[in-house]
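Participant: Residue numbers (my numbering), protein chains in the order written: chain A, 1 to 252; chain B, 1 to 435. Just dropping this structure here.
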């Protein structure tokens with residue numbers, strides 16, 4: 001599904017990703033862990049196509065296409081979704097209007113007919129239950145005045161609506177209490193399937209108790225320095241990132 | 001002043017034909033205004049209040065006063081109706097009432113809608129003392145010119161305690177006659193104690209001819225009266241508009257006024273609101289969408305003259321292409337106006353490198369126990385919000401439009417009348433979609 005090779009990325013002239021390689025197969029869930037400043041969020045944003053990230057070298061292939069060559073909206077149409085670490089408040093744009101535009105733009109891109117108002121509303125009502133959000137949130141401005149937990153649930157709700165083949169969750173667990181974390185995890189798990197892949201970017205192991213990954217990678221100084229299964233996350237939880245940074249430093 | 005000499009001469013030539021010529025009070029008013037126009041001329045950029053708005057294209061054009069008798073096809077009116085509004089409608093053609101195009105059917109007896117020309121020729125004594133009262137000394141040559149030529153326009157009288165259910169629409173169609181005419185309608189709205197109404201003052205163009213619309217509206221709100229007022233300028237891009245809104249509010253009266261400008265070569269609006277009675281409230285909102293080479297200038301002046309009054313002012317502008325806009329918002333709190341509660345904000349969204357806004361909020365406070373806040377912002381579309389929308393698959397142009405509309409929306413969303421609100425929203429939508 002996703003093949004990143006030797007990716008090097010700079011922000012404001014400072015190299016953040018420094019030869020990162022990662023392969024995510026169809027239907028797999030990968031967790032990317034690492035200390036603050038290791039480049040986790042940069043990775044998620046570059047894949048989604050946010051401006052301000054300068055690709056110095058390397059390739060990102062998505063379903064065989066050169067992802068870096070595509071505009072962010074086309075990446076979305078192709079099935080890439082980023083759940084933001086800090087979801088943006090957009091006063092005056094209704095949540096439901098955003099979803100309808102996004103969903104129908106993707107359907108047009110795929111040559112499918114747009115959903116009519118009734119079918120759309122039916123889908124909305126079905127998906128919003130997954131994240132236990134009240135319907136009134138549909139008609140409010142995107143994320144405006146939402147609590148931290150509501151914003152994260154809204155991200156997962158959008159993801160459920162758009163049914164992406166690759167979801168990048170950027171620290172979706174940060175700032176969530178345990179109940180909200182369970183709801184968010186439940187939403188993600190309900191979307192797990194043989195043809196959808198997920199990348200979880202997280203600082204803590206806690207989320208991985210609820211969304212169990214197939215692979216765990218440790219990112220340090222812009223590269224993946226360790227890969228393993230879910231036990232690696234437990235080891236990081238117990239021992240911290242110090243030993244990783246030491247070994248990364250020794251290797252460099 | 002030379003730039004007004006032709007208008008002064010034209011007034012002197014035609015004064016004897018103006019309605020109510022023989023009325024002493026009116027004669028004196030016209031003469032004083034003419035004297036001011038002759039002395040001051042039309043404003044230029046040397047005047048502080050016109051610093052950012054050049055009137056050169058107006059003075060160079062040498063407009064001639066329009067005369068009654070121009071026609072407008074009834075189809076044009078039919079096509080211009082605001083769906084669902086169902087108003088009592090007065091239509092003015094180049095500034096003069098067209099009774100044939102107006103629709104005052106089923107007007108309640110406690111409400112009078114007459115043309116100023118009719119009032120001046122049949123029953124001036126009741127109305128004349130009010131004419132010019134809210135205006136006071138004309139703030140510039142255009143207002144003086146309107147007063148010197150004052151002849152026609154709408155006179156709206158609503159008796160005390162009458163709640164008018166249906167709105168009143170004053171539709172001013174310019175560009176009906178020849179190229180190069182100036183129309184000068186004067187409207188007077190007199191609302192009795194405890195009365196309520198909705199009035200829409202709408203300016204549009206029939207033909208794309210060069211024209212100047214020098215319009216002046218005076219509003220007198222009695223004790224506890226409530227008026228929802230909307231002034232809309234959507235004229236052709238060859239037309240010039242200088243509009244004045246002069247309102248006086250008695251005790252506990254409420255004025256909710258929204259000014260919307262969507263097109264025109266040059267639009268200048270002066271709004272002067274006098275809070276003359278305790279506990280009176282004004283909501284003064286504006287929305288200007290400035291594209292192409294349009295220029296929109298809003299000068300507002302709210303005066304808190306008595307205690308316990310509230311003013312809320314929000315002007316929002318979206319500028320693209322080579323559009324230019326000016327906002328000058330002045331709030332004056334007089335010495336007696338203790339417990340004044342005033343908020344003013346002007347926010348601007350610039351969509352192109354060449355668009356330009358000059359904004360100047362101004363507070364003058366002479367009382368010591370007041371709550372006043374003001375602020376102005378100028379910005380561009382938020383890149384992060386834009387990325388958020390496109391990352392959900394929304395096309396970039398659509399995302400830009402959604403954000404632009406959202407920016408302008410809150411001013412229009414506050415308009416009370418649902419059909420009017422929907423009309424304004426769709427007008428703004430079209431303007432921003434084609435931008």
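We put the beta carbon where it would ideally sit given N, CA and C, even for glycine.
At 3 residues or longer, what runs of the beta strand (DSSP E) sit wholly inside the segment 211–260 of chain B?
Facilitator: 211–221, 226–234, 239–249
Participant: Suppose the cutoff is 6 Å on Cβ atoms and the five residues either side in sequence are ignored; what does the same chain contact list for residue 251 of chain A look like?
Facilitator: Here residue 251 of chain A scores only 49 on pLDDT, less than 50, and its place in the model is too uncertain to base an answer on.
Participant: Between which two residues does the alpha helix (DSSP H) carrying residue 38 of chain A extend?
Facilitator: From DSSP, residue 38 of chain A is part of no alpha helix (DSSP H); its letter is neither H nor E.
Participant: Is the CB-CB distance between residue 191 of chain B and residue 225 of chain B below 8 Å?
Facilitator: yes
Participant: With a cut-off of 8 Å, does the C-beta of residue 77 of chain A fall near any C-beta of chain B?
Facilitator: Interface residue, yes.
Participant: I'd like to know if the segment 18–38 of chain A and the segment 354–371 of chain B are in contact, where contact means that at least 3 CB-CB pairs between them fall below 8 Å.
Facilitator: The segment 18–38 of chain A vs the segment 354–371 of chain B: no contact.
Participant: Out of A:222, A:199, A:210, point me to the one whose CA is closest to residue 216 of chain A's CA.
Facilitator: A:199
Participant: Could you work out which residue in B:240, B:324, B:289, B:257 is closest to residue 266 of chain B when comparing CA atoms only?
Facilitator: B:240
Participant: Do you know how far the Cα of residue 282 of chain B is from the Cα of residue 413 of chain B?
Facilitator: 17 Å
Participant: Using a Cβ cut-off of 9 Å, pull out every chain B residue sitting near residue 113 of chain A, in sequence order please.
Facilitator: Those within 9 Å of residue 113 of chain A in chain B number zero; the least Cβ separation is about 16 Å.
Participant: Is residue 12 of chain A close to chain B? Criterion is C-beta to C-beta, closer than 8 Å.
Facilitator: Interface flag for residue 12 of chain A against chain B is unset, since no Cβ pair is found closer than 8 Å.
Participant: Quick one: which chain A residues come within Cβ less than 9 Å of residue 403 of chain B?
Facilitator: 90, 92, 93
Participant: Pull up the DSSP beta-bridge partners for residue 188 of chain A, would you.
Facilitator: For residue 188 of chain A, which the question treats as bridged, DSSP gives no partner whatsoever.
Participant: Less than 8 Å between CB atoms is the rule here; does residue 251 of chain A satisfy it with respect to chain B?
Facilitator: Low confidence applies here, because residue 251 of chain A scores a pLDDT of 49, under 50, leaving its location unreliable; read the following figure in that light. Judged by the 8 Å Cβ criterion, residue 251 of chain A is not in contact with chain B.
Participant: At which residues does the alpha helix (DSSP H) containing residue 162 of chain A begin and terminate?
Facilitator: 148–162
Participant: Show which residues of chain B have a CB atom less than 9 Å away from the CB atom of residue 158 of chain A.
Facilitator: 392
Participant: For residue 193 of chain A, which three-state DSSP category applies?
Facilitator: When DSSP states are grouped into helix, strand and coil, residue 193 of chain A belongs to the strand group.
Participant: Look up residue 109 of chain B in the DSSP assignment and give the residues it is bridged to.
Facilitator: BP columns for residue 109 of chain B are empty, so no partner.
Participant: State the DSSP-derived secondary structure class of residue 251 of chain A, mapped to helix, strand or coil.
Facilitator: Because residue 251 of chain A sits at a pLDDT of 49, beneath the cut-off of 50, its placement in the model cannot be relied upon, and the point is left open.
Participant: Please classify residue 150 of chain A as buried or exposed, where buried requires at least 16 neighbouring CB atoms within 10 angstroms.
Facilitator: buried
Participant: Kindly confirm or deny that the segment 413–428 of chain B and the segment 230–238 of chain B touch, where touching means at least three C-beta pairs closer than 8 Å.
Facilitator: yes
Participant: Under 8 Å, do residue 166 of chain A and residue 2 of chain A count as touching if we go by C-beta distance?
Facilitator: yes
Participant: Of all the CB atoms in chain B, is at least one closer than 8 Å to the CB of residue 243 of chain A?
Facilitator: No - not a single Cβ of chain B is within 8 Å of the one on residue 243 of chain A.
Participant: Using a Cβ-Cβ cut-off of 8 Å, state whether residue 84 of chain A counts as contacting chain B.
Facilitator: yes
Participant: If we cut at 8 Å on Cβ distances, does residue 51 of chain A have a partner in chain B?
Facilitator: yes
Participant: How far does the alpha helix (DSSP H) with residue 125 of chain B in it reach, from first residue to last?
Facilitator: 124–127
Participant: Determine the direct distance from the alpha carbon of residue 88 of chain A to that of residue 299 of chain B, and round the result to whole angstroms.
Facilitator: 35 Å
Participant: Between which two residues does the beta strand (DSSP E) containing residue 267 of chain B stretch?
Facilitator: 266–275
Participant: Taking 8 Å as the threshold (beta carbon to beta carbon), is residue 330 of chain B in contact with chain C?
Facilitator: Note that chain C does not occur in the displayed structure, where the protein chains are A and B.
Participant: Would the beta-carbon of residue 60 of chain A fall within 8 Å of that of residue 7 of chain A?
Facilitator: Yes.
Participant: Between residue 53 of chain A and the rest of its own chain, which residues show a CB-CB distance below 7 Å, the 5 nearest in sequence each way excluded?
Facilitator: 9, 11, 42, 45, 46
Participant: Rounded to whole angstroms, how far is the Cβ of residue 37 of chain B from the Cβ of residue 4 of chain B, which I believe are closer than 8 Å?
Facilitator: 5 Å
Participant: I need the DSSP call for residue 195 of chain B, collapsed to helix, strand or coil.
Facilitator: coil
Participant: May I ask you to list, following chain order, the residues of the segment 283–313 of chain B that have a beta carbon less than 9 Å from some beta carbon of chain A?
Facilitator: none
Participant: Residue 436 of chain B CB to nearest chain A CB: under 8 Å?
Facilitator: As displayed, chain B neither begins before 1 nor continues past 435, which places residue 436 of chain B out of reach and without an answer.
Participant: Can you give me the Cβ contacts of residue 368 of chain B inside the same chain, cut-off strictly under 8 Å, excluding the 5 residues immediately before and after it?
Facilitator: The residues 338, in chain order, have a CB closer than 8 Å to that of residue 368 of chain B in the same chain once the five nearest residues on each side in sequence are set aside.
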